[in-house]
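Using our numbering, you'd call the opening residue of the sequence shown number 234 and step up by one each time.
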Amino acid sequence: MSGIFQLGLKLKDAHDTIKETGMSMDIPTTMLREKKVQSKQICEVILKVLQAGDFGDPPS
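Put into structure tokens, the structure is as follows:
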């Protein structure tokens, strides 16, 4: 569990940085596919998923 906790702390730090810089939370999926996305923006996407809390059904 400590790994997940540390990941959460890293995401919180990234989120705080994003809020300070005023970056937009909208990232087109085409940008992700083209790999022109900075690590900060990837953190934004991960944060969006975590905040939504919809991880789908676990694999059976």
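No residue lacks a Cβ here, since even glycine has one placed at the ideal position from N, Cα and C.
Predicted model, so just to flag it, every value in this text is computed and none were measured.
Pairwise C-alpha distance: residue j and residue i
i, j, result
"V278", "L240", "14 angstroms"
"L242", "Q274", "16 angstroms"
"Q284", "C276", "12 angstroms"
"D249", "L280", "11 angstroms"
"S295", "G236", "One cannot answer for residue 295 here, as it falls past the ends of the chain, which runs 234 to 293."
"F238", "D246", "13 angstroms"
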